[in-house]
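Peer 1: Residue numbers (the UniProt record's numbering), protein chains in the order written: chain A, 1 to 305; chain B, 1 to 375.
Glycine is no exception: its CB is placed at the ideal position from the N, C-alpha and C atoms.
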Amino acid sequence: MKEFFNSIFTSDFVYSVFRVTTPLLFASMGAVISDVAGVPNIALEGLMLIAAFAGMYFSFLSQSALIGLLMALAVAVLFTGILAFFTLYYKTNIILGGIAINSLASGGTVFFLYLTAHDKGTSVALASKTLPVLRIPIIENIPVLGSILSGHNILTYLSIFSVVFTYVLLKGTALGYHIRAVGEKKAAAESVGISVVKTQATALLLSGIMCGFGGAFMSMGYVSWFSRDMVSGRGWIALAAEAMGRQTAIGSAAASVLFGIADAFSNVAASMGLPSDLVKTIPYFATLIGLAIFSIKTYKKYKDA
Amino acid sequence: MKKKLALILAMCLSLSTLFTGCSAPKPEKEAGNSPAKETGDTFDGTSTDYKVALMIPGNLGDKSFFDASFEAIGLLEKEFGMKVDYVEAGRDASKYYSAYVDLCEKGYDLILTVSSNGDDALTQAAEEYPEQKFINLDGQMEEIPSNVYIMAPKNNEMSYLAGAAAALKAKELNEGVIGFVGGMDIPGINEFLVGYIEGALEINPDIKVAASYVGNFTDTAKGKENALILYNSGIPVIFAAAGQSGIGVIDGAVEKGKFVIGVDSDQAESLKDSRPDMANVIITSAIKNIPENAVTIARQAMNGEVKYGSKGFYGIKEGAVGIAENEFYEKLMTEAAREQIKELKNKVINGEIKLTDPTGLTTEEVNKIREDVRP
Numbered sequence: 001m002k003e004f005f006n007s008i009f010t011s012d013f014v015y016s017v018f019r020v021t022t023p024l025l026f027a028s029m030g031a032v033i034s035d036v037a038g039v040p041n042i043a044l045e046g047l048m049l050i051a052a053f054a055g056m057y058f059s060f061l062s063q064s065a066l067i068g069l070l071m072a073l074a075v076a077v078l079f080t081g082i083l084a085f086f087t088l089y090y091k092t093n094i095i096l097g098g099i100a101i102n103s104l105a106s107g108g109t110v111f112f113l114y115l116t117a118h119d120k121g122t123s124v125a126l127a128s129k130t131l132p133v134l135r136i137p138i139i140e141n142i143p144v145l146g147s148i149l150s151g152h153n154i155l156t157y158l159s160i161f162s163v164v165f166t167y168v169l170l171k172g173t174a175l176g177y178h179i180r181a182v183g184e185k186k187a188a189a190e191s192v193g194i195s196v197v198k199t200q201a202t203a204l205l206l207s208g209i210m211c212g213f214g215g216a217f218m219s220m221g222y223v224s225w226f227s228r229d230m231v232s233g234r235g236w237i238a239l240a241a242e243a244m245g246r247q248t249a250i251g252s253a254a255a256s257v258l259f260g261i262a263d264a265f266s267n268v269a270a271s272m273g274l275p276s277d278l279v280k281t282i283p284y285f286a287t288l289i290g291l292a293i294f295s296i297k298t299y300k301k302y303k304d305a
Numbered sequence: 001m002k003k004k005l006a007l008i009l010a011m012c013l014s015l016s017t018l019f020t021g022c023s024a025p026k027p028e029k030e031a032g033n034s035p036a037k038e039t040g041d042t043f044d045g046t047s048t049d050y051k052v053a054l055m056i057p058g059n060l061g062d063k064s065f066f067d068a069s070f071e072a073i074g075l076l077e078k079e080f081g082m083k084v085d086y087v088e089a090g091r092d093a094s095k096y097y098s099a100y101v102d103l104c105e106k107g108y109d110l111i112l113t114v115s116s117n118g119d120d121a122l123t124q125a126a127e128e129y130p131e132q133k134f135i136n137l138d139g140q141m142e143e144i145p146s147n148v149y150i151m152a153p154k155n156n157e158m159s160y161l162a163g164a165a166a167a168l169k170a171k172e173l174n175e176g177v178i179g180f181v182g183g184m185d186i187p188g189i190n191e192f193l194v195g196y197i198e199g200a201l202e203i204n205p206d207i208k209v210a211a212s213y214v215g216n217f218t219d220t221a222k223g224k225e226n227a228l229i230l231y232n233s234g235i236p237v238i239f240a241a242a243g244q245s246g247i248g249v250i251d252g253a254v255e256k257g258k259f260v261i262g263v264d265s266d267q268a269e270s271l272k273d274s275r276p277d278m279a280n281v282i283i284t285s286a287i288k289n290i291p292e293n294a295v296t297i298a299r300q301a302m303n304g305e306v307k308y309g310s311k312g313f314y315g316i317k318e319g320a321v322g323i324a325e326n327e328f329y330e331k332l333m334t335e336a337a338r339e340q341i342k343e344l345k346n347k348v349i350n351g352e353i354k355l356t357d358p359t360g361l362t363t364e365e366v367n368k369i370r371e372d373v374r375p
């Protein structure tokens with residue numbers, strides 16, 4: 001047990017929390033923006049998978065990580081655009097549209113993987129590029145803190161920025177006010193001249209960009225290839241984090257970090273030989289506790305009021 | 001309402017004719033050699049008339065036994081000119097039974113499969129089609145129907161050599177701990193672990209083995225996380241028995257400048273062109289020669305020599321399993337170490353070393369073996 005705590009209170013562990021949390025942060029911010037606008041985007045998982053594939057493939061074609069990243073974003077936005085087109089213009093149910101994108105992504109990426117890499121499992125046969133690791137000059141040299149804060153993938157830093165972006169967007173910009181108004185009451189927003197379709201489409205596309213970053217991190221940062229279903233439920237966990245965070249940027253980010261810690265924790269526990277089936281329940285158990293605390297708080301508030 | 005119902009019924013009908021149309025290809029050709037099935041065990045025609053189908057209860061691209069089984073039928077086609085066919089049934093286990101029935105209806109002389117994923121469906125189909133012969137190229141089934149033959153590669157024997165290689169590499173680097181990353185904590189994976197531990201103990205009786213499990217066979221990122229934790233704790237070499245997740249372990253080794261042992265197929269060989277940095281950290285791979293085993297068993301099947309209803313174990317002695325002895329193995333392992341491994345291999349072949357049979361172990365016994373060497 002002593003060893004267990006020894007390996008948790010290390011800079012390696014804290015460092016790994018950042019890495020594990022990055023895709024969750026991006027995806028949960030995507031979920032926040034779309035959900036606040038009243039169009040819950042449940043296609044996060046599929047969009048990240050598509051972006052992960054696009055990032056890998058185009059960075060292989062161009063041999064440039066930057067082009068790979070831009071294409072990951074572009075393709076994620078394209079598919080979110082398709083989702084937005086059908087749900088906002090043709091009034092398809094957004095949940096059904098999301099399911100469609102998720103199924104399409106799971107099978108479609110494998111299809112294209114086979115076409116390009118002649119492999120249905122991984123893309124290791126294609127020499128794709130990864131995004132650079134960032135070393136922060138002065139902080140890098142601080143003993144413990146340096147090894148925790150410096151040396152992450154550039155997208156990890158960007159994921160923290162994405163939280164700030166989402167917070168400012170929703171709290172301090174005209175577009176944010178529009179998004180919130182549309183999500184709150186469509187008719188009211190329309191009556192003051194806000195275009196509902198345009199606002200919701202913008203929100204969806206922004207959430208697509210977030211998924212693009214998240215997906216690109218999976219195949220161009222976390223690991224250096226694409227593999228079948230590599231997102232492995234991270235999109236769904238982000239959706240849960242967003243629900244737990246009550247559609248707020250800060251709350252969802254905190255929930256994502258909680259999930260990240262739980263996941264990193266489960267990895268350490270697995271290597272310590274704790275029963276691995278039990279270990280796998282840690283993130284879900286953490287959700288339960290989180291939700292319980294949250295509901296107790298709301299109940300108390302309700303009673304006091 | 002009635003009209004709608006009629007429409008749906010009509011659609012079902014037309015669809016079903018469409019599907020039956022699909023499931024009976026080349027009927028005029030089949031008519032010529034259909035008596036083959038009734039003659040029982042031996043096959044009278046030439047091997048070019050022998051029809052083999054492979055049922056894959058999973059997806060290709062795992063760089064492991066599904067890919068190897070696919071390679072196997074290619075080899076059968078090349079060696080014997082057999083007519084081969086395959087079905088990739090995916091990960092949805094509810095589709096396996098219908099895939100089997102479909103194949104049984106088509107009149108193949110032999111249906112091959114691999115892995116234990118489709119065992120339930122196989123048992124059911126085998127009982128319903130008692131004339132049809134089935135061979136599992138890599139299975140573990142306990143109650144075997146009379147028309148099914150199970151080839152069980154001795155995973156522990158190749159893992160034994162892998163364990164010895166890992167321990168020797170650790171010795172070279174003056175370390176006393178080695179690692180293991182498994183896909184799941186299941187008997188099929190723990191077979192590898194038991195052999196691995198035994199091999200490591202043979203080299204260094206005081207060695208410690210840290211075992212970790214990813215929890216699935218697809219999450220490569222989580223595979224990498226598991227590996228990084230072990231490597232960060234100072235472990236120099238990890239044996240990755242985790243399917244696709246194992247590629248994450250290899251990446252972790254590259255990042256930390258450590259070493260890894262691959263599994264099922266020669267992973268260094270398959271990575272050396274596209275990812276030389278990854279191939280350069282794979283000291284060897286524990287491999288099963290599924291394609292070669294398939295050739296052997298198919299020849300026996302044609303001659304009616306296969307004992308259906310039973311299970312056969314195939315180890316180092318039969319040439320069915322082993323470790324990859326490629327350029328990377330020669331580069332990354334010292335000559336003395338390679339000699340020592342060769343010696344152990346010979347001892348296993350001539351029976352001087354008796355290995356624990358992991359198939360007979362209970363969960364508690366496996367736990368004990370694992371805990372005894374935990375660092």
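1) Counting C-beta neighbours from all protein chains within 10 Å, is the total for G215(A) 16 or more, i.e. buried, or is it exposed?
2) Can you list, in chain order, the residues of its chain whose CB lies under 6 Å from that of D85(B), leaving out five sequence neighbours each side?
3) If I follow the unbroken beta strand (DSSP E) through V197(A), where does it start and stop?
4) Give the straight-line distance between the Cα atoms of G183(B) and F70(B), rounded to the nearest whole angstrom.
5) Using 8 Å as the threshold, is the C-beta distance between G208(A) and A76(A) below it?
6) Comparing the C-beta of D138(B) with each C-beta of chain A, is any distance below 8 Å?
7) According to DSSP, which residues form a beta bridge with E88(B)?
8) Taking the alpha carbon of K256(B) as the point to measure from, which residue in G246(B), L271(B), G234(B), E343(B) has its own alpha carbon closest?
9) For H152(A), write down the residues that DSSP places opposite it in a beta bridge.
10) G61(B) versus chain A: which residues are under 8 Å apart at the beta carbon?
11) Can you check which of these residues, N136(B), I111(B), S115(B), is closest to Y129(B) by C-alpha distance?
12) Assuming V39(A) contacts L204(A) (C-beta within less than 8 Å), just tell me the rounded distance between them.
13) Using DSSP with H/G/I as helix, E/B as strand and the rest coil, what is Y15(A)?
14) Closer than 8 Å between beta carbons: that is the criterion. Which residues of the stretch 358–373 of chain B meet it against chain E?
15) By a C-beta neighbour count over all protein chains shown, 10 Å radius and 16 as the cutoff for buried, is H118(A) buried or exposed?
16) For the stretch 101–115 of chain A against the stretch 36–55 of chain A, are there 3 or more C-beta pairs whose distance is under 8 Å?
17) Sorted by chain position, which residues of the same chain lie with C-beta nearer than 6 Å to T87(A)'s C-beta, five sequence neighbours on each side aside?
18) I'd like to check one pair, G262(B) with A240(B): are the Cβ atoms closer than 8 Å?
19) Can you check whether the C-beta of A210(B) is within less than 8 Å of a C-beta belonging to chain A?
20) I'd like to confirm the pairing. Which residues does DSSP put opposite M151(B) in its beta bridges?
21) Could you give the first and the last residue of the continuous beta strand (DSSP E) run that contains V209(B)?
22) Cutting at 7 Å between CB atoms, please list the residues of its own chain near I144(B), excluding the five before and the five after it.
23) I'd like to know whether the C-beta atoms of T166(A) and I33(A) end up nearer to each other than 8 Å.
24) Determine the burial state of P25(B): buried for a count of at least 16 other Cβ atoms within 10 Å of its Cβ, exposed for fewer.
25) In chain A, which residues lie with their C-beta within 7 Å of the C-beta of L271(B)?
26) Alpha carbon to alpha carbon, how far is T123(B) from M55(B)? Give it in angstroms, no decimals.
27) For S232(A), return the contacting residues in chain B, with the cut-off set at a CB-CB distance below 9 Å.
28) Using a Cβ cut-off of 8 Å (strictly closer), state whether K300(A) contacts chain B.
29) Under a CB-based cut-off of 8 Å, is G98(A) close to chain B?
30) Would you give the residue range spanned by the alpha helix (DSSP H) that K256(B) belongs to?
31) If we count the other Cβ atoms within 10 Å of its Cβ and call it buried at 16 or more, is E30(B) buried or exposed?
32) From this set, I341(B), K154(B), L230(B), E142(B), which residue's C-alpha is nearest I283(B)'s C-alpha?
33) Just to confirm before moving on: does the CB-CB distance between D67(B) and S265(B) stay below 8 Å?
34) Taking the Cβ atom as the reference point for each residue, do N226(B) and A270(A) lie within a distance shorter than 8 Å?
35) Which two residues bound the contiguous alpha helix (DSSP H) that contains A269(A)?
36) What three-state label does DSSP hand D264(B) in the structure shown?
Peer 2: Well, looking at it:
1) Counting the other Cβ atoms within 10 Å of the Cβ of G215(A) gives 16 or more, which makes it buried.
2) A53
3) No beta strand (DSSP E) contains V197(A), which is instead part of the alpha helix (DSSP H) from 196–217.
4) 22 Å
5) yes
6) No, D138(B) lies away from the interface with chain A (no Cβ there is under 8 Å from its Cβ).
7) I56(B)
8) G234(B)
9) L134(A)
10) V110, L113, Y114, D119, K120, G121, T122, R228
11) Of the candidates N136(B), I111(B), S115(B), the one whose C-alpha sits nearest the C-alpha of Y129(B) is I111(B).
12) 6 Å
13) helix
14) The structure shown contains no chain E; the protein chains it does contain are A and B.
15) H118(A) comes out exposed.
16) yes
17) I94, G97
18) yes
19) yes
20) Looking at the DSSP assignment, M151(B) forms a beta bridge with G312(B).
21) 208–213
22) I150, G309, S310, K311
23) yes
24) Residue confidence for P25(B) is low, a pLDDT of 39 falling below 50, so the modelled location carries little weight; the figure read from the coordinates is stated next. It is exposed - the Cβ of P25(B) has fewer than 16 other Cβ atoms within 10 Å.
25) V124
26) 14 Å
27) Per Cβ cutoff of 9 Å: N216, T218, D219, T220, A221, K222.
28) no
29) no
30) For K256(B), the enclosing alpha helix (DSSP H) begins and ends at 246–256.
31) Low confidence applies here, because E30(B) scores a pLDDT of 37, under 50, leaving its location unreliable and the question unanswered by this model.
32) I341(B)
33) yes
34) yes
35) 249–271
36) strand
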